Amino acid sequence: DARVTQTPRHKVTEMGQEVTMRCQPILGHNTVFWYRQTMMQGLELLAYFRNRAPLDDSGMPKDRFSAEMPDATLATLKIQPSEPRDSAVYFCASAPLSGGSGANVLTFGAGSRLTVL
Amino acid sequence: GDSVTQMEGPVTLSEEAFLTINCTYTATGYPSLFWYVQYPGEGLQLLLKATKADDKGSNKGFEATYRKETTSFHLEKGSVQVSDSAVYFCALKRLNTDKLIFGTGTRLQVFP
């Protein structure tokens, strides 16, 4: 089965350190999403890309978070500097181009669990 | 704005019991509706979907019917198993957008 691969699966770091999470979307999927999951807020959309171009990053704290797609096989989410409130599970998901239909489905990675001390 | 409301959990059931998890939505136009499931330590997986009114999505014994008149997409299963224990998320996506809007999730615990 094709899958979305995320690294690292777990990361523990100290406040103020830079954190980079990586995602390899499914080959041929041209829409990539970053979600954050916490107990308090549930699933929040941070940013998403279509054909490597950022379409919406309104859910992302701009001062410390950045998301990029250096190429079609890699998406990155960077936090600098990290804070304890950033502790969460970060999910990447990819989807094929919907072509205007409503039925395209997101495939999620297993997530990166971040703990900031 | 668009939103999805799910019943609070946890839902605790004995094996072979009937399951209903309620989901209602608010959206302009005619969204597609989804149920995703998250098993412990894993990402979300699509369980089923429906793209228009009166469509019924089904998979692995789970069913949900897109009810436009009540703006609902309730998840049901006739006989749950211990292996169904997970968190279930209802979600919507408007036509011509890429974003999925999720509910807060409902944890299901099934005991033998």
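Residue numbers (the numbering used here), protein chains in the order written: chain A, 1300 to 1416; chain B, -19 to 92. Heads up, the beta-carbon is just placed ideally off N, CA and C, and yes, glycines get one too. Computed from a predicted structure; not experimentally measured.
*Taking residue 1345(A) as part of the beta strand (DSSP E), name the residues at either end of that continuous run.*
Start at 1 with the first residue of the first sequence, and residue 1345(A) comes out as number 46. Element bounds for residue 1345(A): 1341 to 1349.
*Thinking just about the alpha-carbon of each residue, which of 1336(A), 1323(A), 1360(A) is nearest to the one in residue 1413(A)?*
As a first step, residue 1413(A) is located in the first sequence; it is residue number 114 there, counting from the start. Out of 1336(A), 1323(A), 1360(A), 1336(A) has the C-alpha closest to the C-alpha of residue 1413(A).
*asked:* Looking at chain A, is there any beta carbon in it that lies within less than 8 angstroms of the beta carbon of residue 48(B)?
replied: Your numbering for residue 48(B) matches position 68 in the second sequence. Closer than 8 angstroms: no.
_Under 7 angstroms (Cβ pairs) to chain A, residues found in the segment 75 to 88 of chain B_ = 75, 76, 78, 79, 80, 82, 84, 85
*Report yes if the C-beta of residue 1311(A) is less than 7 angstroms from at least one heavy atom of the ligand SAH; otherwise report no.*
The ligand SAH is absent from the structure shown, which contains no ligand whatsoever.
*Find out if the Cβ-Cβ distance for the pair residue 1407(A), residue 24(B) is shorter than 8 angstroms.*
Translated into positions along the first sequence, residue 1407(A) becomes position 108. Translated into positions along the second sequence, residue 24(B) becomes position 44. Yes, the pair counts as a contact, with Cβ atoms nearer than the cut-off.
*For a contact meaning CB atoms closer than 9 angstroms, what does residue 1404(A) contact in chain B?*
For the purposes of this step, residue 1404(A) is taken as residue 105 along the first sequence, with counting starting at 1. Simply 14, 26, 29.
*Nearest to residue 75(B) by alpha carbon, out of -19(B), 8(B), 20(B)?*
For the purposes of this step, residue 75(B) is identified with residue 95 of the second sequence, where counting begins at 1. For residue 75(B), the nearest C-alpha among the options comes from 8(B).
*Ignore the nearest five residues each way along the sequence and tell me which others in residue 72(B)'s own chain have a CB closer than 6 angstroms to its CB.*
The count along the second sequence starts at 1 and reaches residue 72(B) at position 92. Closer than 6 angstroms at Cβ, skipping near neighbours: -16, 5, 7, 11, 13, 81.
*Using a Cβ-Cβ distance under 8 angstroms, would residue 1389(A) count as near chain B?*
If you number the first sequence from 1, residue 1389(A) lands on position 90. Not an interface residue.
*Where does the unbroken beta strand (DSSP E) through residue 1364(A) begin, and where does it stop?*
The count along the first sequence starts at 1 and reaches residue 1364(A) at position 65. Its beta strand (DSSP E) spans residues 1364 to 1370.
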